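Novice: One structure, pasted below without further comment.
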Amino acid sequence: YARQDRKAKARDPISAKLVADLITTAGADRVLTMDLHASQIQGFFNIPVDNLVGAPILANYFRDLIGDRKDEYIIVSPDLGSVTRARNFAARLDCPIAIVDKRRQRANVSEVMNIIGDVRGKRVILLDDMIDTAGTLCNAASAVMEKGGAQNVVATATHGVLSGPALERIQNSVIENIVLLDTIPLPPEKRSDKLTILPIAPVFSEAIERIYENKPVSIMFK
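Residues in the sequence shown are numbered from 12 upward in steps of one, following this note's numbering.
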């Protein structure tokens, strides 16, 4: 329901607001989330909401992977909607940023993938908040390899929905590895040797401890 935060067309339900009301009515007096797809959903609640961030967990993983080879890596946003997220992640890793801009020049013409930034010879880290059907991600990966001349591509996201053809697309893509957080449990049939899953339990346990001990939670958003 996190993607149902507004009306895309007339008479569409804003289901995220309904779910927020249900959680509040059920008796919750505080909510912990992680990387909401639409951060404005926090305003749907009449109780405190702490929207924790998964970037520090992912950044620690890639910091160990990159080591002292920062000049070899570049963070790439797979679309314009993820630019701010990619910019913040790049700042954590002290790496440059590039953007895949997908646009249709005119009606009845196939979309063209333009790359803003230089990825030639670079090791690309594609960053998104959620991987659903993996179409955008896999298309962006193909673009940076074929048009941009990147050396290789890995990807990362907080939420791995992996619905429909996602797993097949990932297996057949040029992406070597995808790093996800376990915000959504993946059943055995959605597991793949291309997926690396990192735990979020330490972040939530620290947040809960801070709330119960009346310590500031704000330090966890840095």
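Yeah, the Cβ is synthetic: ideal placement off N, Cα and C, and Gly gets one too.
In this text the structure is predicted, and so the values were computed from the model without any measurement.
Give the secondary structure of Ile-195 by DSSP, where H, G and I count as helix, E and B as strand, and everything else as coil.
Specialist: coil
Novice: State yes or no: is the C-beta of Phe-100 within less than 8 Å of the C-beta of Ala-70?
Specialist: yes
Novice: Tell me whether Ser-88 is buried or exposed, calling it buried when 16 or more other Cβ atoms sit within 10 Å of its Cβ.
Specialist: buried
Novice: Specify the secondary structure class of Val-94 as computed by DSSP and reduced to three states.
Specialist: helix
Novice: First and last residue of the alpha helix (DSSP H) that includes Thr-35?
Specialist: 26-36
Novice: Where do the ends of the alpha helix (DSSP H) carrying Arg-131 lie?
Specialist: From DSSP, Arg-131 is part of no alpha helix (DSSP H); its letter is neither H nor E.
Novice: Name the DSSP bridge partner or partners of Ala-219?
Specialist: The residue asked about is misnamed: residue 219 is Ile in this sequence, not Ala. Under DSSP, Ile-219 forms no beta bridge with any residue.
Novice: Could you check the C-alpha separation between Lys-28 and Asp-82 for me, to the nearest Å?
Specialist: 44 Å
Novice: Note down the Cα distance separating Asp-139 from Thr-167, rounded to an integer number of angstroms.
Specialist: Straight-line Cα distance between these residues: approximately 7 Å.
Novice: Ile-86 and Ile-136 look like a contact to me (Cβ under 8 Å); what is the Cβ gap, rounded to whole Å?
Specialist: 5 Å
Novice: By Cβ distance below 6 Å, which residues in the same chain neighbour Pro-210 in space, the five residues on each side in sequence not counted?
Specialist: Counting only Cβ-Cβ distances below 6 Å, and skipping sequence neighbours, we find Asp-193.
Novice: Under 8 Å, with one C-beta from each stretch per pair, do the region 59-66 and the region 31-44 reach the 3-pair mark?
Specialist: These segments touch.
Novice: Beta-carbon separation of Asp-129 and Val-111 under 8 Å?
Specialist: no
Novice: Check whether the Cβ atoms of Val-228 and Ala-212 lie closer than 8 Å to each other.
Specialist: no
Novice: With H, G and I counted as helix, E and B as strand and the rest as coil, what does DSSP make of Arg-4?
Specialist: Past the boundaries of the shown model lies residue 4; the chain is included only from 12 to 233, so the question cannot be answered.
Novice: Measuring alpha carbon to alpha carbon, tell me which residue in Pro-199, His-170, Gly-132 is nearest Leu-249.
Specialist: Given that the chain is displayed from residue 12 to residue 233, the structure contains no residue 249 and the question cannot be resolved.
Novice: Under the DSSP definition of a beta bridge, which residues are partnered with Asn-163?
Specialist: Arg-134
Novice: Specify the secondary structure class of Ile-142 as computed by DSSP and reduced to three states.
Specialist: strand
Novice: Under a three-way DSSP split, which group does Leu-43 fall into?
Specialist: DSSP places Leu-43 in strand when its eight states are reduced to three.
Novice: Near Arg-14, what residues of its chain come up, given a Cβ to Cβ distance below 6 Å and the 5 sequence neighbours on each side ignored?
Specialist: His-48
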